[in-house]
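Numbering (the working numbering), first residue to last: 5 to 852.
Quick reminder that beta carbons are idealized off the backbone N, C-alpha and C, glycines included.
Bear in mind the structure is a predicted one, so any value in this text is a computation, not a measurement.
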RNA sequence: GCCGAGGUGGCGGAAUUGGUAGACGCGCCUGACUUAGGAUCAGGUGUCUUUGAUGUGCAGGUUCGAGUCCUGUCCUCGGUACCA
């Protein structure tokens with residue numbers, strides 16, 4: 005589109021306003037203690053999930069959430085709030101390092117270039133961020149406090165009595181040994197089987213494995229010494245406190261299921277011919293009489309101990325075949341159950357029966373005790389396994405209806421179960437647990453699926469651990485040595501060995517007096533766990549956040565951030581990790597809320613025009629830069645909000661962008677001529693058009709309410725209706741028009757400011773920036789309708805419409821309805837059974 | 001399999017506590033202005049066998065009245081995957 009063809013000159017005024025906002029620091033948010041700070045203003049903290057600054061730049065999914073929060077932020081400002089609306093970059097991470105390896109450039113250089121490009125793109129969309137609060141997780145001033153928080157976690161333990169994290173110093177004061185203390189730390193070192201990728205040169209968290217495998221990387225299981233965070237101690241609180249949050253129920257459920265709480269019992273089985281017991285976890289202690297065999301995970305430590313000579317070879321072959329498979333493969337590929345007999349037997353504590361012990365890959369070492377009692381009659385998996393290997397199946401639950409008992413897993417009545425017989429499942433569970441406790445054969449147990457968080461990586465582009473070692477013992481780096489930055493390296497290519505890349509920097513690693521540095525780095529999640537705190541006080545060099553700033557920007561409610569908008573993909577990762585860190589900081593008295601994010605909204609994915617997920621290979625990716633160039637930032641903003649409900653998945657339509665662009669052009673032409681002068685349609689006299697006035701005030705009301713509800717699409721359609729009303733009225737009364745521009749401002753800030761400036765000058769009004777204006781109040785008086793169209797139904801079918809006074813009595817309405825020829829015709833000779841009258845809406849005449 | 005979200009015109013989507021289904025926009029049709037129109041303006045546009053009937057995935061139910069509430073069922077999308 006050539007310059008002259010553009011329906012309104014956005015390419016001139018959009019950059020103009022952007023540089024003015026920049027120069028004037030229009031959206032700078034003062035903190036307590038600053039001269040411009042107004043303590044009487046309430047705070048509003050609205051946050052976006054900050055982007056990972058990839059080389060590809062912003063995609064159209066970013067501005068969806070960012071525009072939504074921008075509208076809210078601008079609206080709240082106009083309503084007298086001190087609004088914190090910051091932006092930053094999640095700039096550590098594996099892709100940056102991969103890219104650096106490919107191009108031979110240091111990740112710091114490519115990351116800086118990417119951030120610059122992101123900043124340019126964000127500024128081109130006119131977002132009202134306080135750019136002085138911009139942060140990147142790779143900034144040394146930020147890394148310092150990420151490391152400091154890690155050390156706070158490292159120097160804490162979880163006190164079971166108070167259900168809170170407490171400083172390690174309390175244990176030292178009690179005279180605990182170093183070894184005992186290290187076993188309690190919330191950050192600890194453990195040798196555990198982890199996922200190691202030789203070609204990426206790092207271990208990966210369980211939830212990252214599939215993603216990298218799909219990109220063609222190999223992954224294998226290895227026992228390695230790793231740093232872990234004891235998130236499992238918070239499992240119960242992470243579930244319970246979800247209830248205090250205003251999050252989508254679906255996301256809460258996702259987290260709950262991920263944490264996976266189950267109530268049941270642990271049961272000890274004596275092993276025949278050995279003097280030890282194997283413990284199992286079960287949610288169905290009531291079915292203990294039906295346990296006809298036991299299954300251990302192939303990796304269970306007792307397997308080599310109990311396996312008999314004649315079963316040894318088979319067991320070892322089976323163990324090997326399992327070792328190479330991931331948990332996922334074990335699920336996917338083994339639809340058919342597999343396993344082998346160990347030759348050993350366990351004794352069922354409740355009936356002294358000897359039951360065979362098998363190993364099978366359907367039992368996972370990482371959950372429960374890695375061993376189960378199998379009750380094939382009432383568990384689908386055990387049932388399948390028992391059928392395959394012809395193991396005995398014994399009924400111990402009577403179904404409540406006449407369903408087949410084989411494979412019946414729902415609650416019922418206990419049967420063939422000795423002292424439990426006749427009890428409903430719930431009661432039988434309790435009774436059995438009592439029996440187990442009395443006989444010291446088990447106890448009540450609550451089990452979680454959540455595992456401790458594997459927190460170390462072997463890559464280069466992440467925060468180094470502020471830890472040093474001597475004689476196999478780890479120590480915290482003193483505070484004055486933070487931030488600890490990674491040394492420059494020429495080559496950070498993976499070596500193929502699990503040795504962290506930083507170990508190659510021998511000068512950096514080896515310290516005086518025999519100390520060496522920890523060479524692992526933190527995962528990308530570390531930086532995003534607390535960035536919302538740093539925004540409150542981004543350049544503080546004494547603390548990660550000052551008490552004053554924390555105090556002011558925090559809430560009465562459990563969650564600190566008032567509104568958090570982002571994609572659903574972080575449901576069980578970032579959103580869980582951040583909650584965990586926040587709770588530790590809360591326990592230690594560093595923050596005064598127990599949750600980071602009060603209200604969460606997930607924006608829906610934007611699909612390509614073909615209805616498919618946007619991807620380079622499909623060639624359906626829309627670049628926001630192109631849209632801004634062609635239609636302007638306001639059009640992009642408006643379209644992203646007009647597409648449909650924020651939380652919904654929706655396809656992109658370039659025609660739709662044209663549509664909203666045409667709407668903005670109509671607004672422009674309401675006030676401006678082709679020559680760029682204020683049109684003579686704009687008049688100074690007060691508005692005498694009652695209809696126009698009513699539509700305007702309805703618009704002020706509806707747009708405000710819709711913004712509060714995040715219903716941006718219907719807010720925009722109301723503004724379109726209002727624009728059409730101005731067009732129809734022919735004249736554009738200036739006072740009303742400026743009110744309309746004020747309402748439009750959060751959505752299309754450039755266009756509304758530009759028109760407002762022209763119009764104000766032309767009418768010698770004080771040229772007030774709309775961004776600094778108050779949200780207009782609608783006049784109740786202007787909304788009042790005296791007359792309305794009343795729908796008349798006969799037997800529920802629409803037959804006529806009559807024009808009535810709003811507050812007409814039923815008799816008046818009835819009289820007028822029967823005056824209608826149509827109604828007369830349809831009711832003639834029939835008996836009127838009933839009349840339903842909803843004033844202002846409907847009258848239904850029931851006849852027969 | 002389980003969990004979650006959702007099925008409304010040719011398309012994106014609107015519809016307080018049940019009360020005119022299809023707001024608003026796209027597309028399409030007709031007309032106006034034009035050398036021109038992929039610009040702008042005015043009007044129209046659910047479907048059909050069009051004085052009327054019918055219509056919110058499908059089948060029932062409640063109600064004066066159902067997109068909305070209830071029961072059953074089918075389909076699509078997203079998440080998850082032997083968690084004992």
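Look up residue 204 in the DSSP assignment and say whether it is helix, strand or coil.
coil
Which residues DSSP lists as bridging residue 832, in chain order
DSSP output for residue 832 lists no bridge partner at all.
Which residues mark the beginning and the end of the beta strand (DSSP E) in which residue 547 is found?
From DSSP, residue 547 is part of no beta strand (DSSP E); its letter is neither H nor E.
Cutoff 6 angstroms; reference residue 504; Cβ partners in own chain excluding five residues on either side
462, 523 and 524
Less than 6 angstroms between C-beta atoms, sequence neighbours within five positions excluded: which residues of the same chain meet that for residue 117?
none
For my contact list, residue 361 and residue 349 are in at a C-beta cut-off of 8 angstroms; report their separation, rounded to the angstrom.
6 angstroms
Assuming residue 563 contacts residue 602 (C-beta within less than 8 angstroms), just tell me the rounded distance between them.
3 angstroms
Cut-off 6 angstroms between Cβ atoms - residues of its own chain near residue 33, not counting five sequence neighbours on either side:
88 and 134
Give me whichever residues DSSP pairs with residue 611 in a beta bridge.
617 and 655
Go ahead and pull the three-state DSSP assignment for residue 628.
helix
If I follow the unbroken beta strand (DSSP E) through residue 513, where does it start and stop?
Not the beta strand (DSSP E): residue 513 falls in the alpha helix (DSSP H), residues 510 to 513.
Is the CB-CB distance between residue 225 and residue 197 below 8 angstroms?
yes
Nearest-angstrom Cα separation, counted from residue 826 out to residue 818:
14 angstroms
Determine, using beta carbons only, whether residue 304 and residue 377 come nearer to each other than 8 angstroms.
no
Ignoring anything shorter than 4 residues, give me the alpha helix (DSSP H) runs that lie fully in the stretch 380 to 443, in order along the chain.
384 to 393 and 429 to 442
Taking the beta carbon of residue 468 as the centre, do at least 16 other beta carbons fall within 10 Å, making it buried, or is it exposed?
buried
Quick one: what's got a C-beta closer than 7 angstroms to residue 127's C-beta in the same chain, skipping five residues either side?
22
Using beta-carbon positions only, say whether residue 849 and residue 798 come within less than 8 angstroms of one another.
yes
Buried or exposed (CB count within 10 angstroms, at least 16 for buried), residue 726:
buried
If you count every other CB in all the chains shown that lies within 10 Å of the CB of residue 549, and 16 or more means buried, which is it?
buried
Quick check: the Cα distance between residue 208 and residue 200, rounded to an integer number of angstroms?
6 angstroms
From this set, 176, 55 and 29, which residue's C-alpha is nearest residue 574's C-alpha?
55
Compare the C-alpha of residue 254 against each of 572, 640 and 62 and name the closest.
572
Compute the beta-carbon to beta-carbon distance between residue 761 and residue 691, rounded to the nearest angstrom, for a pair I have assumed lies under 8 angstroms.
22 angstroms between Cβ atoms; not a contact.
Rounding to the nearest angstrom, what Cα-Cα distance links residue 536 and residue 51 in this structure?
8 angstroms
May I ask you to report which of helix, strand or coil DSSP gives residue 340?
coil
Residue 266 lies in the alpha helix (DSSP H); which residues open and close that run?
No alpha helix (DSSP H) contains residue 266, which is instead part of the beta strand (DSSP E) from 265 to 275.
Segments of 4+ residues assigned as alpha helix (DSSP H) that fall wholly inside the stretch 708 to 756
716 to 733 and 738 to 748
Determine the contact status of residue 418 and residue 408, defining contact as a CB-CB distance below 8 angstroms.
no
Tell me which residue opens and which closes the alpha helix (DSSP H) that residue 65 is part of.
65 to 82
Determine the burial state of residue 810: buried for a count of at least 16 other Cβ atoms within 10 Å of its Cβ, exposed for fewer.
exposed
What beta strand (DSSP E) runs, 3 residues minimum, are completely inside the stretch 190 to 263?
191 to 201, 206 to 208 and 224 to 233
Using DSSP with H/G/I as helix, E/B as strand and the rest coil, what is residue 799?
coil
Short of 7 angstroms in beta carbon distance, which residues of its chain neighbour residue 99, apart from the five on each side in sequence? Order them along the chain.
58
From the DSSP secondary-structure annotation, give me the bridge partner or partners of residue 674.
Per DSSP, none; premise fails for residue 674.
For residue 841, the nearest candidate out of 820, 695, 852 and 606 (CA to CA)
820
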